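Student:
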Amino acid sequence: MNEADHDVVVIGGGQAGLAVAYYLRRAGIDFLVLDAEDRPGGAWLHAWASLRLFSPATYSSLPGWPMPPSRSDGFPTRDEVIDYLTRYEQRYAFPIERSCHVETVERDGEQLCLRLSDGRTFTARAVVSATGTWSAPYIPDDPGRELFSGVQLHSAEYRSPIPFAGKRVLVVGGGNSGAQILAEVSAVAETVWVTMKDPVFLPDDVDGRVLFERASARGDFDPASTTTLGDIVMVPPVKEARDRGVLKSVRPFVRFTTDGVVWADGTETHVDAVLWCTGFRPATGHLRSLGVVGSDGRIEVVDQRAVEEPRLWLQGYGNWTGAASATLIGAGRTARELAPCIKAALQMPASFI
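Residue numbers 960 to 1312, in our numbering, belong to the letters of the sequence shown in order.
#1: Which class does aspartate 1179 belong to by DSSP, given the choice of helix, strand or coil?
#2: So which of Val1205, Val1087, Leu983 has the shortest CA-CA distance to glutamine 1139?
#3: Kindly indicate which residue of Trp1272, Gly1289, Asn1278 has the alpha-carbon position closest to the one of isoleucine 970.
#4: Nearest CA to the CA of glycine 1219: which residue from Glu1056, Val1110, Thr1154?
#5: Threonine 1092 and proline 1241: beta carbons closer than 7 Å?
#6: By Cβ distance below 7 Å, which residues in the same chain neighbour arginine 1257 in space, the five residues on each side in sequence not counted?
#7: Determine the contact status of alanine 1089 and leucine 1071, defining contact as a CB-CB distance below 7 Å.
#8: What separation, rounded to the nearest whole angstrom, lies between the Cα atoms of valine 1192 and alanine 1002?
#9: Can you give me the Cβ contacts of glycine 1291 inside the same chain, cut-off strictly under 7 Å, excluding the 5 residues immediately before and after it?
#10: Does the beta-carbon of methionine 1307 have 16 or more other beta-carbons within 10 angstroms, so that it is buried, or is it exposed?
#11: Count the other CB atoms within 10 Å of the CB of methionine 1155; is the residue buried (16 or more) or exposed (fewer)?
#12: Out of Arg1030, Val1213, Val1233, Arg998, which one is the CA nearest neighbour of threonine 1226?
#13: Can you tell me where the beta strand (DSSP E) with leucine 1246 in it begins and where it stops?
#14: Between which residues of its own chain and histidine 1229 is the CB-CB distance below 6 Å, once the five residues before and five after are set aside?
#15: Comparing alpha-carbon positions, which option in Gly976, Pro999, Arg1079 lies nearest phenylalanine 990?
#16: Please go through the same chain and pick out, in chain order, the residues whose beta-carbon is closer than 6 Å to the beta-carbon of phenylalanine 1311, but skip the five residues on each side of it.
#17: Arginine 985 lies in the alpha helix (DSSP H); which residues open and close that run?
#18: Alpha carbons only, please: which of Ala1148, Leu1305, Leu1287 is nearest the one belonging to tyrosine 1018?
#19: What three-state label does DSSP hand serine 1208 in the structure shown?
#20: Using only the alpha-carbon positions, how far apart do threonine 1237 and serine 1114 sit?
And the structure:
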């Protein structure tokens, strides 16, 4: 049988993939990272311009090299995160190939074969999938949504409030993304914030760092959750929106009309646009040929290793692949635990599969 091209191929060169690369190198493992983007930055390349982290830079770092302090007010911006990831990748000179879109991963005897959209293939003794969730936005199938003639945009596609100036906009979703997008859109448009329940706002002096430490100490991360911290951190733009009195939400509408929505009491509201801040699903379509992906995009794992395909490991998709693994700090912690497990598996005979 031919030898595999690499011991490990990592799919995804964002924060989760870079964290894995760091620890694979420390473990002395031969690996290659395949990234679909044309430049460093991962999912942050697709975020809206004003997006802020909700933890300080010193608590949003990948292993080995701290993120420099933010030049603004302690909460790093999207561009600062992209700059950090770019320089982090350059600092360690990881073997990364771009732009490589992995269409499918297939079994090939004792190896796994990765087929790219450009026709190339790579084989590996083990694969780490670290594609995250950003490319799999979730929009609920609310009644009549297909009838609505206005603009519908998921937070994954949102870039700036400018197109919504002077319009009436529904912002749907009560997490940190919903609050931050509401904050800036409400400055130029009439907004209605729709959430399943009243949002929970943290005290001004509590940020994601404090939340992460408290939850880690209690060990109470919900493994069924894709996100990590649901309560809203009062970053500066959200504080400013609070001062304007716009951080008030209403319960969901019951259906769409062609030009608006109908509420539970039967009243109708004209709406020009709906911004869906309703989260994401795991971007695992490239793994479906292995027969391990559930209807919700998730894969059954034990310690980040796929139960039904032991040569496959998952990193950075949310709490089900490790506590807070979809955050910068969490990606490093879960990667640190992952690398020794992969090394031990590679040292076993091929029959361990």
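Beta carbons are placed, not taken as given, at the ideal position from N, Cα and C, and that holds for glycine. Please read these numbers as outputs of a predicted model, since none were measured by experiment.
Tutor: So, to answer that:
#1: Low confidence applies here, because aspartate 1179 scores a pLDDT of 47, under 50, leaving its location unreliable and the question unanswered by this model.
#2: Val1205
#3: Trp1272
#4: Val1110
#5: yes
#6: Pro1241, Trp1279
#7: No, they are not a contact pair.
#8: So the alpha carbons of these two residues sit roughly 21 Å apart.
#9: Ala978, Leu1021, Pro1022
#10: Per the 10 Å Cβ criterion, exposed.
#11: exposed
#12: Val1213
#13: Segment: none, leucine 1246 is in no beta strand (DSSP E) and carries neither H nor E.
#14: Asp1218, Gly1219
#15: Comparing Cα positions, the closest option is Gly976.
#16: Legend: pLDDT at phenylalanine 1311 = 47, less than 50; position of this residue unreliable, no value from coordinates given.
#17: 974–985
#18: Leu1287
#19: strand
#20: 8 Å
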